[in-house]
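Residue numbers (the working numbering): 15 to 341.
Data block below; observations after.
Structure (structure tokens):
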């Protein structure tokens, strides 16, 4: 089949109505990694649901595993969206983010005052910028490189436990596959049995930032840099359509690099982009929400991110599904 993309923002916005249709189409959905940009997955899943396409399976990596887990457990997408937005604005999550910030860097009294004035969704951005300064200036670098990770995974535990029920992967309403990397063997791992929360924790454990997760005799972490959209796995399950959702960052030209950390981070960005390109031929439909300009840590506008996913998916689905009375 011909691969269809929805990437142009003007085209997406001009085709903003729901796809009202009758269809017997089925799809396996591959939800890619991208940090906060992954909230767009919830809009994509809403559009797929309203289109009449039946979701056979969800395959998720990194943030795609968390968003996929939410949708695989609860068929009420509006309820899922409200749950995710509610967590980001909750006082409990805000407090956990404050604890994360305190652990990540030594802040001044002025910074503490600023930290107390922002909402929970802002904390990731503040934390990331401070952590970046620490890395670039070499402060506490010895401690960082000697430990198993820069940060504790407590914040991931809290978010996952708040959003995901304590069930087995095999108990989800929609079949779900979660992709991670085994650091010991160097192999890609597809999880379809075992604790759902733990599987998502493994897939979201960014190497170096959060500690890897012990799973039987494996040591699992996020594989998003190497398999940012798990389309080959999704394709292997598909009886009809394979739909990929790309929420990766937009790669811009950079002319100067101040530190070794800058070079390493740039190479990871380039590697991820090349791996994305390699996986795209497996998609029958590729949906690219207009979110690539947002930093991975910017959770401040969840509603806008979700809406971007909804609009992009509606536009893409119009090209391949017989539409009756499109809005």
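No residue lacks a Cβ here, since even glycine has one placed at the ideal position from N, Cα and C.
(request) Look at residue 76 and residue 57 and say whether their C-beta atoms are less than 9 Å apart. (result) no
(request) Kindly indicate which three-state DSSP category residue 325 falls into: helix, strand or coil? (result) helix
(request) Express the C-alpha separation of residue 221 and residue 260 in angstroms, rounding to a whole number. (result) 21 Å
(request) Alpha carbon to alpha carbon, how far is residue 235 from residue 225? Give it in angstroms, no decimals. (result) 8 Å
(request) Please report the residue range of the beta strand (DSSP E) in which residue 45 lies. (result) 40-45
(request) Just the C-alpha distance for residue 216 and residue 229, rounded to the nearest angstrom, thanks. (result) 9 Å
(request) Ignore the nearest five residues each way along the sequence and tell me which others in residue 96's own chain have a CB closer than 8 Å to its CB. (result) none
(request) Answer yes or no: do residue 70 and residue 253 have a C-beta to C-beta separation smaller than 9 Å? (result) yes
(request) Can you grab the Cα-Cα spacing for the pair residue 52 / residue 280, in whole Å? (result) 21 Å
(request) Taking only runs that begin and end inside the segment 172-249, name each unbroken alpha helix (DSSP H) of 4 or more residues, in chain order. (result) 210-217
(request) In angstroms with no decimal places, state the Cα-to-Cα distance between residue 194 and residue 203. (result) 5 Å
(message) In the DSSP assignment, the alpha helix (DSSP H) including residue 60 goes from what residue to what residue?
(response) 54-65
(request) Could you check the C-alpha separation between residue 197 and residue 276 for me, to the nearest Å? (result) 24 Å
(request) Return the chain-ordered list of same chain residues with a C-beta closer than 7 Å to the C-beta of residue 94, the five sequence neighbours on each side being excluded. (result) 56, 84, 85, 88
(request) With a threshold of 16 other CB atoms inside 10 Å of the CB of residue 105, please say whether the residue is buried or exposed. (result) exposed
(message) My output table needs one value for residue 70: the three-state DSSP class, helix, strand or coil.
(response) strand
(request) Starting from the Cα of residue 50, find the closest Cα among 78, 266, 292 and give me that residue. (result) 78
(message) I'd like the list of long-range same chain contacts for residue 218, defined as Cβ closer than 7 Å, with 5 residues on each side in sequence excluded.
(response) 76, 77, 79, 80, 170, 236
(request) Specify, as a first and last residue, the run of the beta strand (DSSP E) that residue 255 falls within. (result) 255-259
(message) Assuming contact is defined by CB atoms lying nearer than 9 Å, are residue 324 and residue 243 in contact in what I supplied?
(response) no
(message) By DSSP's criteria, residue 75 is part of a beta bridge. Which residues make up the other side?
(response) 193
(message) Can you tell me where the alpha helix (DSSP H) holding residue 94 begins and where it ends?
(response) 91-102
(request) Buried or exposed for residue 191, please, with buried defined as at least 16 other CB atoms from any protein chain shown within 10 angstroms of its CB. (result) buried
(request) Counting only the same chain and skipping the five closest in sequence on each side, list residues whose C-beta sits under 6 Å from that of residue 268. (result) none
(request) For residue 265, count neighbouring C-beta atoms within 10 Å of its own C-beta (all shown protein chains included) and say buried if the count is 16 or more, exposed if not. (result) exposed
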